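What follows is one structure encoded as C-alpha cells, with my remarks underneath.
Protein chains: 2
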Amino acid sequence: MKTITSRDNVQYKELVKLAGSQSARRKAGRTLLDGVHLCQSFLQLRGMPEQCVVSESALHNPEVMDIVGQLEAQRAHVLALPDALYNGISQVEHGVGVMFSIATPEREVTAPVSVSAVLLDGVQDPGNVGSILRSAAAAGVTQVYCSAGTAFCWSPKVLRAAMGAHFVLDIFENVDLADLVRNAKVQTLATSGYATQRLYDVDLRTPTAWLFGHEGQGVADDLLSMATHQVVIPHLGQVESLNVAACAAVCFFEQVRQNLT
Amino acid sequence: MKTITSRDNVQYKELVKLAGSQSARRKAGRTLLDGVHLCQSFLQLRGMPEQCVVSESALHNPEVMDIVGQLEAQRAHVLALPDALYNGISQVEHGVGVMFSIATPEREVTAPVSVSAVLLDGVQDPGNVGSILRSAAAAGVTQVYCSAGTAFCWSPKVLRAAMGAHFVLDIFENVDLADLVRNAKVQTLATSGYATQRLYDVDLRTPTAWLFGHEGQGVADDLLSMATHQVVIPHLGQVESLNVAACAAVCFFEQVRQNLT
Numbered sequence: 016m017k018t019i020t021s022r023d024n025v026q027y028k029e030l031v032k033l034a035g036s037q038s039a040r041r042k043a044g045r046t047l048l049d050g051v052h053l054c055q056s057f058l059q060l061r062g063m064p065e066q067c068v069v070s071e072s073a074l075h076n077p078e079v080m081d082i083v084g085q086l087e088a089q090r091a092h093v094l095a096l097p098d099a100l101y102n103g104i105s106q107v108e109h110g111v112g113v114m115f116s117i118a119t120p121e122r123e124v125t126a127p128v129s130v131s132a133v134l135l136d137g138v139q140d141p142g143n144v145g146s147i148l149r150s151a152a153a154a155g156v157t158q159v160y161c162s163a164g165t166a167f168c169w170s171p172k173v174l175r176a177a178m179g180a181h182f183v184l185d186i187f188e189n190v191d192l193a194d195l196v197r198n199a200k201v202q203t204l205a206t207s208g209y210a211t212q213r214l215y216d217v218d219l220r221t222p223t224a225w226l227f228g229h230e231g232q233g234v235a236d237d238l239l240s241m242a243t244h245q246v247v248i249p250h251l252g253q254v255e256s257l258n259v260a261a262c263a264a265v266c267f268f269e270q271v272r273q274n275l276t
Numbered sequence: 016m017k018t019i020t021s022r023d024n025v026q027y028k029e030l031v032k033l034a035g036s037q038s039a040r041r042k043a044g045r046t047l048l049d050g051v052h053l054c055q056s057f058l059q060l061r062g063m064p065e066q067c068v069v070s071e072s073a074l075h076n077p078e079v080m081d082i083v084g085q086l087e088a089q090r091a092h093v094l095a096l097p098d099a100l101y102n103g104i105s106q107v108e109h110g111v112g113v114m115f116s117i118a119t120p121e122r123e124v125t126a127p128v129s130v131s132a133v134l135l136d137g138v139q140d141p142g143n144v145g146s147i148l149r150s151a152a153a154a155g156v157t158q159v160y161c162s163a164g165t166a167f168c169w170s171p172k173v174l175r176a177a178m179g180a181h182f183v184l185d186i187f188e189n190v191d192l193a194d195l196v197r198n199a200k201v202q203t204l205a206t207s208g209y210a211t212q213r214l215y216d217v218d219l220r221t222p223t224a225w226l227f228g229h230e231g232q233g234v235a236d237d238l239l240s241m242a243t244h245q246v247v248i249p250h251l252g253q254v255e256s257l258n259v260a261a262c263a264a265v266c267f268f269e270q271v272r273q274n275l276t
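In order, the protein sequence lines correspond to chains A and B. If you count the first sequence from 1, you need to add 15 to reach our numbering. If you count the second sequence from 1, you need to add 15 to reach our numbering.
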C-alpha cells in the first residue's frame, strides 16, 4: 500500500480530475466506483480493479479491510489518502472511504438484439438511468443500449443509483437505436400515453426489447413507429404519466410476472 | 402586477429565504411551486395561489401570460422580477420563469386508513418520494402518510419529481405509522426481500395500504411485523433489490392490473 499526503502529487491530481469532470473521465476512459457496495460488487462480478483508493479512517473498517486484503493478495495497487484528501475526490457523504478506479467498459454493437434488452432514447437524468439499470438487472434483462443523448452510464451518479447492476449487464453507448430496432430479432415494445394496446395484453413470455425515452418528450416518433407494439400502462388516477424509471420497472416486472405464472 | 427591482426589497428577501432553506419554509408554513407545469396543475386542481412570481422574460411566454391573466382576473398578487433576481430564487435550470408561493397544506390524521394508501417509513431521497407520489396518483392511490424521518413532501425537489401529483393527493406528514397500521381498516402490505409470499399471489382488488421503507434498511422491523402481508417481488436476475420508487411502482400497478382484469 502506498500513501499520498500531498495535494500536489500527480496521481492525486489525476484522481481529482476523474472525480470532478465528465470530460476527463471520457478522455481517460476511466471511472471511479465510490463506496463499499460498488467495490464489493465489482470485485465479486468483474474481478480486480486497476487501483483502489482508501481513506485512512476507512482502513479500520472491517469491510474495507477485507477488500484491501483481497487486493493486496493479488498485488493490486492500493493507495491510502488522509481523510481530507480522500474527501476531495469522493461524492458520497458520510460514506465509508473506499473507491476503485477502473477502465470504463466499452462495447461495440456487433450483432442484432436477440435477448431481452432495454433501449434508452435520450433519458437524461442519471438517477433515472441508474434506477432503470438496477430494475433491468433484477428482472433478468441483461442488455442495455443507449442513444448518444442518454446520460453516460459510467458516471458516478448513474453508478450509485444502479447499485452494482452495471456489473451484470452488457452496456452499449452511443448506439444508433433506429438501426437496432430495425434489425432486432425480438419484439420491440415502446410505451406511449397515446397507445391503445394495454401492456397487460401483450404476450411478454418471449424475449422483448423495451424502448424508453426522454423524461419530457418520450420516445422519438420515428423510433416509436418502428416498434412492434406501442403499449400504454393503464392509469386509474387523475395523473396520467409516470416517471420513466417507474414506467420501466412496471414493464420489466410485468414480464417477470408473465414468465412466472 | 407589481415589479421589484432591488435585492434589498423585504418581499424579495423573504422569497430568497423560502427558496433556499427548508427551515425557513417550515417556519413560514409556505413553499414555492417552481415552473409552468406545477403552477398550471395547482391552478387547475387547487385554485388561486397566495402569490405568483414571474421573471420579466417569461412575461412574453404564452403559457405564463395565460396564468398571469387568470390570476389578475381574480385580483391575485403577481410579482414581476428582472431575470437576474428571478434566477436567485429559482432552482429550475433553463426553465420558464414562473412560480407560485403557497401555504403548505397540513393535515391531521383524524380517522383510520379506509382506502388505498401509501405509508412511507423513512424514505429519504426527495426524488424517490416525488416519484412514489407521482406513481400513487397515477394508480389511483389517493392518501399518503409519512413518518417523521421521511423527506418533507412539500420541498421543491419532491414537488418537482412528483409533477403535480401533490394536488390530487391527501398528504399527511409526521405520522405515527405504527398506530396507523394497527388501526387500519384495510389490508397493509409491506415488501421485504425475506418474505415468501409473492406480490402476485395476494388479492389486491380490495383497498390496500402499501408500506415502503428507508432506501438502505427498508421498513422497520416492528412495522413489518404488523403488516397483514409481507410480500416479495420475485426477481429473475442476479441483482436482488429494487430502488424503493421502482418497487412502489411495481406494487401500485400490480394493483391496477388486478383491478382491471
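Heads up, the beta-carbon is just placed ideally off N, CA and C, and yes, glycines get one too. These figures come from a predicted structure and were not determined experimentally.
Once the 5 residues before and after residue i are set aside, which same chain residues still bring their CB inside 6 Å of it?
| i | result |
| --- | --- |
| A/W169 | T46 and T119 |
| A/N189 | A163 |
| B/V133 | A151, V156, V159 and W225 |
| A/V234 | D136, A205, L226 and G228 |
| B/S105 | D49 |
| B/L30 | I104 |
Name the chain B residues whose beta carbon is nearer than 9 Å to that of residue i?
| i | result |
| --- | --- |
| A/L275 | R213, Y215, P249 and L251 |
| A/G233 | In chain order: nothing, as chain B lies at least about 14 Å away. |
| A/A260 | S146, N258, A260, A261 and A264 |
| A/V183 | G252, Q253 and V254 |
Residue i by DSSP, collapsed to three states: which one?
| i | result |
| --- | --- |
| A/R41 | helix |
| B/F115 | strand |
| B/Y160 | strand |
| B/A152 | helix |
| B/H229 | strand |
| A/K32 | helix |
| B/K172 | helix |
| B/S72 | helix |
| A/L251 | coil |
| B/I104 | coil |
Counting only Cβ pairs nearer than 7 Å, list the residues of chain B close to residue i.
| i | result |
| --- | --- |
| A/F227 | Going along chain B, no residue has its Cβ under 7 Å from A/F227, so there is no contact; the nearest lies around 13 Å. |
| A/E108 | The premise fails here: A/E108 is roughly 12 Å from chain B at the closest Cβ pair, so nothing lies under 7 Å. |
| A/V271 | P249 and L251 |
| A/L58 | Within 7 Å Cβ-Cβ: nothing; A/L58 doesn't reach chain B, min ~15 Å. |
Strictly below 7 Å CB to CB, what residues from chain A border residue i?
| i | result |
| --- | --- |
| B/G50 | Within chain A, no residue comes near B/G50; the closest Cβ sits about 12 Å away, beyond 7 Å. |
| B/G155 | L251 and G252 |
Considering only heavy atoms of the ligand SAM, does any lie closer than 6 Å to the CB of residue i?
| i | result |
| --- | --- |
| A/A88 | The ligand SAM is absent from the structure shown, which contains no ligands of any kind. |
Using the rule of at least 16 other Cβ atoms within 10 Å of the residue's Cβ for burial, across every protein chain shown, is residue i buried or exposed?
| i | result |
| --- | --- |
| B/M16 | exposed |
| B/M80 | exposed |
| A/Y209 | exposed |
| A/Q212 | exposed |
| B/Q232 | exposed |
| A/N198 | exposed |
| A/S131 | buried |
| A/T165 | buried |
| B/E87 | exposed |
| B/R22 | exposed |
| B/D140 | buried |
| B/R40 | buried |
| B/R90 | exposed |
| A/T223 | buried |
| B/G35 | exposed |
| A/A73 | buried |
| B/S56 | buried |
| B/E269 | buried |
If residue i sits next to residue j, beta carbons under 8 Å apart, how far is it from one beta carbon to the other, in whole angstroms?
| i | j | result |
| --- | --- | --- |
| A/A153 | B/H250 | 5 Å |
| B/L219 | B/L238 | About 20 Å; that fails the 8 Å criterion. |
| A/V83 | A/G112 | Incorrect: roughly 12 Å between the Cβ atoms, too far for contact. |
| A/V173 | A/F182 | At roughly 13 Å, the Cβ-Cβ gap does not stay under 8 Å, so A/V173 and A/F182 are not in contact. |
| A/A260 | B/A260 | 7 Å |
| B/I248 | B/L275 | No, B/I248 and B/L275 are not in contact; Cβ-Cβ is about 19 Å, not under 8 Å. |
| B/C54 | B/H92 | About 14 Å separates the two Cβ atoms, so there is no contact after all. |
Could you name the residues of chain A that residue i contacts, counting a contact when the two beta carbons are closer than 8 Å?
| i | result |
| --- | --- |
| B/V265 | A264, V265 and F268 |
| B/R175 | Those do not exist, as B/R175 stays about 11 Å from chain A at its closest Cβ, beyond 8 Å. |
Going along chain A in order, which residues have a C-beta closer than 9 Å to the C-beta of residue i?
| i | result |
| --- | --- |
| B/V79 | Result: empty, since nearest Cβ-Cβ is about 18 Å, beyond 9 Å. |
| B/S129 | None at all; the shortest Cβ gap to chain A is about 18 Å. |
What does a CB cutoff of less than 8 Å around residue i pick up in its chain, not counting 5 residues either side in sequence?
| i | result |
| --- | --- |
| A/I19 | Q26, Y27, L94, A95, L96 and L100 |
| B/E11 | Nothing about residue 11 of chain B can be read from this structure; chain B reaches only from 16 to 276. |
| A/G252 | none |
| B/D185 | R122, T157, Q158 and V159 |
Here's a check: name, in chain order, each residue in its chain whose Cβ is nearer than 7 Å to the Cβ of residue i, leaving out the five neighbours to either side.
| i | result |
| --- | --- |
| B/V217 | L204, H244 and V246 |
| A/L58 | I82 and Q85 |
| B/S240 | none |
What residues from chain B crowd round residue i, counting only those whose CB sits closer than 8 Å?
| i | result |
| --- | --- |
| A/L134 | Here the premise fails: no neighbours, minimum Cβ distance about 18 Å. |
Which residues in chain D sit within 7 Å of residue i, going by Cβ to Cβ distance?
| i | result |
| --- | --- |
| B/A180 | The chain inventory of the structure shown lacks chain D, comprising the protein chains A and B. |
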